[in-house]
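Chains as they are written, first to last, in the working numbering: chain A, 1367 to 1551; chain B, 1367 to 1551. These notes concern the structure reproduced below.
Number of protein chains: 2
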Amino acid sequence: MASAVQADNGVNVEALLAAKEALTNAPEAAQFKWRAACEWKDGTHSHSTVESFYGLGQDQHRKTTFAFDADHPEVFASLDQGATPVEYVLVGLASCLTAGIAAVAQNRNIQLKSVKATIEGDMDLAGILGIDSDVRNGFSGITVKYAIDADAKREDIEALVAQSQKRSAVYDIVTNPTNVTVVVN
Amino acid sequence: MASAVQADNGVNVEALLAAKEALTNAPEAAQFKWRAACEWKDGTHSHSTVESFYGLGQDQHRKTTFAFDADHPEVFASLDQGATPVEYVLVGLASCLTAGIAAVAQNRNIQLKSVKATIEGDMDLAGILGIDSDVRNGFSGITVKYAIDADAKREDIEALVAQSQKRSAVYDIVTNPTNVTVVVN
């Protein structure tokens, strides 16, 4: 029987289910604040860092500070010293859906062999360049294509991907409006 | 007179204005596709790369491939081998607004000395953990705080930030809904 096989995708589902139980009983611990700091370098080049976040009732500090350079590419007369900001959004969306696929597969006892995504966001630059006020600045649409090798039927693999979308933070952020407040100190 | 001083923020505004002119006359060249590839490693850890994009009527290739690891932190029983996907979105938003501030300042002949942003996204984990279906998976809100040192009055600095929001691709993506299609090949 398939149920005799224990899938191991490296996701600690027991810990996640325990966290769900614990946070159900302590809703204030479930209030998280995710953070980044960004410093302008020159031109369109900036350097961002990610280290601390708030959760489980206190500031949490990592052992590592993650650092990211962002810039525009040379075709925009920039120096291409990092990925463009919109590409960071694509990385966030693809990695969120991919982590979700691994977690859902673990929970459903499906062994993953490989998961690869390509993601593409369409953008008409007539928006950000101010050529046409009817064109939005952001993506007109995003397509994510998955190639997944797993010990499962195609319909079960498709169900993994669907459940990951349903529980993805970044998918929600991109597909639904989020209020952003920008202030100058 | 202030107009006698030439600000240099490292942004080639002449090239951007020339691009605007050129793309106004060749709208098909303004159709861009931004891309990333994401490969699952283990658990919630994935590795993404950013290199090519499509624009100006053809595939464009960079000299460098930018690489990014994403993971969940240790408090989620993961190995913290990279920033979390939602932190990538914060990096994208902060870096997009910051590049915009530099470009608008250049266009307005305002010399920037330093631009620093801190960005924070609030998230109630009751959403992604499936504890409360009324709570969204993504951020309940995002706050960006700028500290800007520039040769300009406070109201002019605030106007820079406002104009950057108005022209930011990532600000648009986060504050407005974007259609995302996910397919399994």
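Glycine included, each C-beta is placed from N, C-alpha and C at the ideal position.
Residue burial classification, residue i (beta-carbon count within 10 angstroms, cutoff 16)
i	result
His1427 (chain B)	exposed
Gln1472 (chain B)	buried
Gln1531 (chain A)	buried
Asp1437 (chain A)	buried
Ala1368 (chain B)	In this predicted model, Ala1368 (chain B) has a pLDDT of only 49, less than 50, meaning its place in the structure is not dependable; the value taken from the coordinates is given anyway. The residue in question, Ala1368 (chain B), is exposed, as its Cβ has fewer than 16 Cβ neighbours within 10 Å.
Asn1391 (chain A)	exposed
Ser1499 (chain B)	exposed
Ala1381 (chain B)	exposed
Asp1515 (chain B)	exposed
Extent of the continuous alpha helix (DSSP H) run through residue i
i	result
Glu1524 (chain B)	Arg1520 to Arg1533
Val1455 (chain B)	Pro1451 to Asn1473
Ala1384 (chain A)	Val1379 to Asn1391
Given residue i as reference, the closest of the options once Cα atoms are compared
i	options	result
Asn1545 (chain B)	A:Lys1429, A:Asn1551, A:Asp1446 and A:Asp1488	A:Asp1488
Thr1547 (chain A)	B:Leu1383, B:Val1548, B:Glu1521 and B:Ser1506	B:Ser1506
Gly1493 (chain B)	A:Pro1543, A:Asn1503, A:Lys1386 and A:Ala1436	A:Lys1386
Gln1461 (chain B)	A:Ala1460, A:Thr1415, A:Phe1442 and A:Asn1475	At residue 1461 (chain B) the sequence reads Ser, which differs from the Gln that was named. With distances taken between Cα atoms, Ser1461 (chain B) lies closest to A:Thr1415.
Ala1469 (chain B)	A:Leu1389, A:Ala1373, A:Pro1393 and A:Trp1406	A:Trp1406
Gly1448 (chain A)	B:Leu1422, B:Ile1523, B:Asp1538 and B:Phe1434	B:Phe1434
Val1527 (chain A)	A:Leu1463, A:Thr1410 and A:Asn1375	A:Leu1463
Asn1503 (chain A)	B:Thr1431, B:Ala1396 and B:Phe1432	B:Ala1396
Pro1439 (chain B)	A:Gly1421, A:Leu1478 and A:Gly1409	A:Gly1421
Val1371 (chain A)	A:Asp1408, A:Asn1475, A:Gln1529 and A:Thr1410	A:Asn1475
Val1501 (chain A)	A:Val1510, A:Ile1508, A:Thr1509 and A:Leu1491	A:Leu1491
Ala1535 (chain A)	B:Ile1514, B:Pro1543, B:Val1452 and B:Glu1486	B:Val1452
Val1455 (chain B)	B:Val1550, B:Val1549 and B:Asp1538	B:Asp1538
Asn1551 (chain A)	B:Ile1523, B:Val1550 and B:Gln1424	B:Ile1523
Neighbouring residues, chain A, relative to residue i (Cβ below 8 Å)
i	result
Ser1499 (chain B)	Correct list: empty, because the minimum Cβ distance to chain A is about 11 Å.
Ile1508 (chain B)	Thr1544, Asn1545, Val1546 and Thr1547
Partners in chain B for residue i, counting only beta-carbon separations shorter than 7 Å
i	result
Asp1538 (chain A)	Arg1502, Asn1503 and Gly1504
Gly1421 (chain A)	Val1441
Gln1424 (chain A)	Residues of chain B passing the Cβ test: none, with the nearest at roughly 10 Å.
In DSSP terms, what residue i is bridged to
i	result
Glu1405 (chain B)	A:Lys1482 and B:His1413
Gly1421 (chain B)	B:Gln1424
Ile1508 (chain A)	A:Gly1487 and B:Val1546
Ile1476 (chain A)	Note: Ile1476 (chain A) sits in no beta bridge, so no partner.
Asp1399 (chain B)	What sits at residue 1399 (chain B) in the sequence shown is Lys, not Asp. According to DSSP, Lys1399 (chain B) bridges with A:Asp1488 and B:Tyr1420.
Ile1514 (chain B)	B:Val1481
Chain-ordered neighbours of residue i on chain A, where CB pairs are closer than 9 Å
i	result
Asn1473 (chain B)	Result: empty, since nearest Cβ-Cβ is about 11 Å, beyond 9 Å.
Val1527 (chain B)	Val1548, Val1549 and Val1550
Ala1513 (chain B)	Val1550 and Asn1551
Residue i, enclosing beta strand (DSSP E) - first and last residue
i	result
Asp1437 (chain B)	First-last for Asp1437 (chain B): undefined, no H or E at that position.
Chain-ordered chain B contacts of residue i [CB-CB under 8 Å]
i	result
Val1470 (chain A)	Those do not exist, as Val1470 (chain A) stays about 11 Å from chain B at its closest Cβ, beyond 8 Å.
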